[in-house]
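Novice:
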Amino acid sequence: MAIRKIITTENPILRQKAKKVHRFDPSLQRLVDDMFETMREANGVGLAGPQIAQSIRIFVAEYEDRKVAVFNPEIVKAEGEEKGPEGCLSIPGYIGENIRRATKVVVKGQDVRGKAIRVNAEGWFARILQHEIDHLDGILFIDRLDSPEDLREVKEGDLEEGEPALAE
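Here the sequence shown is numbered in this note's numbering, starting from 2 and rising by one per residue.
1) Does the stretch 55-66 come close enough to the stretch 76-94 that 3 or more CB-CB pairs lie under 8 angstroms?
2) Leaving out the 5 sequence neighbours to the left and right, which residues in its chain are closer than 7 angstroms to Gly85 when beta-carbon positions are compared?
3) In the DSSP assignment, what are the bridge partners of Lys20?
4) Compute the Euclidean distance between the alpha carbons of Asn121 and Glu38, then round it to the nearest angstrom.
5) Return the CA-CA distance between Val113 and Ala79, expressed in angstroms with no decimal places.
6) Taking only runs of the beta strand (DSSP E) that begin and end inside the stretch 30-113, which ones reach a length of at least 3 residues, in chain order?
7) From Val71 to Arg119, what does the alpha carbon distance come to, in whole angstroms?
8) Using only the alpha-carbon positions, how far apart do Pro74 and Leu137 sit?
9) Run through DSSP, which three-state label would Ile4 get?
10) Could you compute how far the alpha carbon of Ile14 sits from the alpha carbon of Tyr95?
11) If you reduce the DSSP assignment to three classes, tell me which class Ile118 lands in.
12) Determine the contact status of Phe76 and Val22, defining contact as a CB-CB distance below 7 angstroms.
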């Protein structure tokens with residue numbers, strides 16, 4: 002496994018629609034392993050292919066007891082709406098407040114071998130999945146801000162005790 006470089010907003014790959022994965026071969030397992038290792042090293046809860054300069058439709062996410070790697074994900078059902086905070090490993094040092102997301106989602110896609118899977122998620126995990134799928138379409142959380150005042154800079158140690166790291 003290897004730590005990959007996480008690209009930031011100045012890289013145009015983050016603004017491109019990622020390509021669908023058609024060929025599932027053993028190299029994809031190494032990519033998934035690298036993505037999980039990279040995400041954990043950066044204290045994130047999700048990481049999409051474009052964030053490591055791989056313009057393909059893959060994301061990994063891990064929160065509490067849930068861990069998924071989904072290729073070619075698609076939200077097939079979304080319910081409810083809530084506003085909440087989000088951060089991003091590709092936009093270090095900033096958090097967006099009041100980002101609107103569905104409270105529950107069903108995501109369909111494929112696993113590392115190309116087998117069809119469905120992921121049901123609610124709450125924070127649903128927010129993570131929506132954030133990562135946005136990355137695959139070239140959308141960043143800053144595009145979802147209602148107001149520029151909802152973007153705030155954060156420094157090391159600014160987070161409250163027990164507040165999630167928010168880095169996705």
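Note that the Cβ used here is the ideal one computed from N, Cα and C, for glycine as well.
Specialist: Taking the definition as stated:
1) Because the criterion of three Cβ pairs below 8 angstroms is not met, the stretch 76-94 and the stretch 55-66 do not touch.
2) Numbered from its first residue, the sequence shown carries residue 85 at position 84. Excluding positions up to five away in sequence, the list reads Ile100, Arg102, Arg128.
3) The residue you call residue 20 lines up with position 19 of the sequence shown. For Lys20, the beta-bridge partners assigned by DSSP are Ile57.
4) Numbered from 1 along the sequence shown, position 120 holds the residue referred to as residue 121. Numbered from 1 along the sequence shown, position 37 holds the residue referred to as residue 38. When rounded, the distance between both Cα atoms is 24 angstroms.
5) On the sequence shown, position 112 is the one that residue 113 refers to. On the sequence shown, position 78 is the one that residue 79 refers to. Cα-Cα distance, rounded: 24 angstroms.
6) If only uninterrupted beta strand (DSSP E) runs of at least 3 residues are considered, those enclosed by the stretch 30-113 are 47-49, 59-64, 67-80, 83-88, 95-102, 105-111.
7) Here residue 71 corresponds to residue number 70 of the sequence shown, with the count starting at 1. Here residue 119 corresponds to residue number 118 of the sequence shown, with the count starting at 1. Each residue's Cα considered, the two are about 9 angstroms apart.
8) For the purposes of this step, residue 74 is identified with residue 73 of the sequence shown, where counting begins at 1. For the purposes of this step, residue 137 is identified with residue 136 of the sequence shown, where counting begins at 1. Between the C-alpha atoms of Pro74 and Leu137 there is a straight-line separation of about 9 angstroms.
9) Along the sequence shown, read from residue 1 onward, the residue named residue 4 stands at position 3. DSSP places Ile4 in coil when its eight states are reduced to three.
10) The residue labelled residue 14 in the question sits at position 13 within the sequence shown. The residue labelled residue 95 in the question sits at position 94 within the sequence shown. Counting only the Cα atoms, Tyr95 lies some 20 angstroms from Ile14.
11) For this step, residue 118 is matched to residue 117 along the sequence shown. Look at Ile118 here: in three-state DSSP terms it is strand.
12) As a working note, residue 76 is residue 75 in the sequence shown. As a working note, residue 22 is residue 21 in the sequence shown. Looking at the sequence shown, residue 76 is not Phe but Ile. With a cutoff of 7 angstroms on beta-carbon distance, Ile76 and Val22 are scored as not near each other.
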